[in-house]
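Novice: For reference, the structure I am asking about is given below.
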Amino acid sequence: MRSALRIRMHAPLERVFALAADVERWPEWLPHYRYVRRLPDPTGERRFAMGARRGPIPVRWEAIQRPCPPDGVIEFEHTGGVTRGMHVAWRLSQGDDGVDVTIEHQLTLHWPVIGELVASWVIGPQFVEAIARRTLRRIKQLSEDGLGVWADEVGV
């Protein structure tokens with residue numbers, strides 16, 4: 009399953025990046041997120057347990073986050089949950105009249121016979137893309153409303 013969701017945000021790139029990278033604050037800012045908890049990692053990576061809702065259905069996963077501000081990229085590698093092995097990349101680029109934000113997802117389920125069908129027809133569109141779409145819309149709203157003025161100081 010591969011997908012790419014795109015949106016333009018009329019806010020400074022640094023503000024958008026700060027909001028997108030500060031996942032520990034997402035439950036405060038994104039109503040569909042139930043929790044994000046920092047997990048210990050022996051290698052020092054930014055590892056999180058994350059939980060959101062798709063409508064009434066709770067979903068959870070674990071992921072390693074790798075923010076790279078100079079490149080405008082935030083990568084996630086899912087390490088637990090049904091989406092284990094999924095690679096996610098937020099890509100931010102400055103345009104003439106705003107910031108173009110793309111979230112790319114790549115997931116291969118290694119389930120015999122039905123893995124690709126389940127990933128492409130159920131997990132991808134009904135859960136991954138639905139949650140990511142809500143996340144993008146809310147980050148857009150927050151960044152354009154100026155929330156990131158203080159989020160810029162987070163120092164991710």
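Residue numbers 9 to 164, in my numbering, belong to the letters of the sequence shown in order.
In this text, a Cβ means the ideal position worked out from N, Cα and C, and glycines have one as well.
1) Where does residue 143 sit, in a helix, a strand or coil, going by DSSP?
2) Starting from residue 35, trace the alpha helix (DSSP H) in both directions and tell me its first and last residue.
3) Measuring CB atoms only, is the segment 113–122 touching the segment 91–104, in the sense that at least three cross pairs come out at less than 8 Å?
4) Quick check: the segment 15–27 against the segment 49–62, are there 3 or more CB pairs under 8 Å?
5) How far does the beta strand (DSSP E) with residue 29 in it reach, from first residue to last?
6) Where does the unbroken beta strand (DSSP E) through residue 80 begin, and where does it stop?
7) Could you check what DSSP says for residue 47 in three-state terms: helix, strand or coil?
8) Are there 16 or more other CB atoms within 10 angstroms of the CB of residue 129, so buried, or fewer, so exposed?
9) Taking DSSP as the reference, what is the three-state secondary structure of residue 96?
10) Mind checking residue 31: buried by the 16 CB within 10 Å criterion, or exposed?
11) Relative to the alpha-carbon of residue 83, which residue among 55, 125 and 123 has its alpha-carbon at the smallest distance?
12) Of the residues 13, 11, 10 and 22, which one's Cα is nearest the Cα of residue 106?
Specialist: Considering the structure as presented:
1) As a position in the sequence shown, residue 143 is number 135, starting the count at 1. In the three-state reduction of the DSSP assignment, residue 143 falls in the helix class.
2) The sequence position of residue 35 within the sequence shown is 27, counting from 1. Element bounds for residue 35: 34–37.
3) Verdict: yes, contact present.
4) Cβ pair count under 8 Å is below three, so no.
5) Position 21 of the sequence shown, counted from the start, is the residue given in the question as residue 29. The continuous stretches of beta strand (DSSP E) do not include residue 29, which lies in the alpha helix (DSSP H) extending over residues 21–29.
6) What you label residue 80 is simply residue 72 of the sequence shown in a count that begins at 1. Residue 80 -> no beta strand (DSSP E), and no H or E assigned at all.
7) Against the sequence shown, residue 47 aligns to sequence position 39. Assignment of residue 47 by DSSP, reduced to helix, strand and coil, places it in the strand class.
8) Position 121 of the sequence shown, counting from 1, holds the residue named residue 129. Residue 129 is exposed by the Cβ-count criterion.
9) Residue numbering aside, residue 96 sits at position 88 when the sequence shown is read from its first letter. DSSP, reduced to helix, strand and coil, places residue 96 within a strand of the structure shown.
10) The residue you call residue 31 lines up with position 23 of the sequence shown. Residue 31 should be labelled buried.
11) Here residue 83 refers to the residue found at position 75 of the sequence shown. Among 55, 125 and 123, the Cα nearest to that of residue 83 belongs to 55.
12) Along the sequence shown, read from residue 1 onward, the residue named residue 106 stands at position 98. For the residues 13, 11, 10 and 22, the minimum Cα distance to residue 106 belongs to 22.
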